[in-house]
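S.K.:
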Amino acid sequence: MSAAAIGRFGFVLHPLYVSQFANKFPIARYLPGRFVEAVFRAVPPFEASQITGIVSPTGARAEGWFIALPWTPRVLLATPPEVLYRRLIQAGRIAERLGAGILGLGAFTKVVGDRGATVARAL
Numbered sequence: 124m125s126a127a128a129i130g131r132f133g134f135v136l137h138p139l140y141v142s143q144f145a146n147k148f149p150i151a152r153y154l155p156g157r158f159v160e161a162v163f164r165a166v167p168p169f170e171a172s173q174i175t176g177i178v179s180p181t182g183a184r185a186e187g188w189f190i191a192l193p194w195t196p197r198v199l200l201a202t203p204p205e206v207l208y209r210r211l212i213q214a215g216r217i218a219e220r221l222g223a224g225i226l227g228l229g230a231f232t233k234v235v236g237d238r239g240a241t242v243a244r245a246l
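Numbering-wise, the sequence shown is residues 124 to 246 according to this note's numbering.
Structure representation (structure tokens):
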């Protein structure tokens, strides 16, 4: 990569606890946890934030996007693999459209998502 080139990445993340939904959606703090999980199970992945200004000690530059899959570990573990893979692939496509050349899977998504092998083959 030349000094001027910027590496672009996407990183799929998800809430670990129902209470974390309230950080982005304050109304969630007033609703029962199982209800919040059920509602967000229907919400597709979305761009949560952009990360810019990353510079390594070697001078390599990077930027990327957090792509949210709004499912808690309980929902991830209860979801059939084929449904989970579809959602992770949707998240990957969002990252691709934003310009990402690589996708990372965070927390439980890499565990229940066969460490990304199925998603990588699909993208």
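Built from N, CA and C at the ideal position, the CB exists for glycine as well.
Can you give me the C-alpha to C-alpha distance between V162 and S179, rounded to a whole angstrom?
M.R.: Approximately 40 Å, taken between the alpha carbons.
S.K.: Per DSSP, what kind of secondary structure is L221 in: helix, strand or coil?
M.R.: Note: L221 maps to helix in three-state DSSP.
S.K.: Would you call the CB atoms of V159 and P193 closer than 7 Å?
M.R.: In this structure, P193 does not lie closer than 7 Å to V159 by Cβ.
S.K.: Pick from F169, P155, F189 and F148: whose alpha carbon is nearest that of F132?
M.R.: Here the closest residue by C-alpha is F189.
S.K.: To the nearest angstrom, report how far apart L139 and L200 are at their CA atoms.
M.R.: For L139 and L200, the distance between alpha carbons rounds to 12 Å.
S.K.: Could you check what DSSP says for G182 in three-state terms: helix, strand or coil?
M.R.: In the structure shown, G182 sits in coil (DSSP, three-state: anything other than H, G, I, E or B).
S.K.: What do you get for T181, buried or exposed, if any count of 16 or more other CB atoms within 10 angstroms of its CB means buried?
M.R.: With fewer than 16 other Cβ atoms within 10 Å, it is exposed.
S.K.: So the candidates are L221, R216 and P204; which of them puts its Cα closest to the Cα of R238?
M.R.: Nearest option by C-alpha distance: P204.
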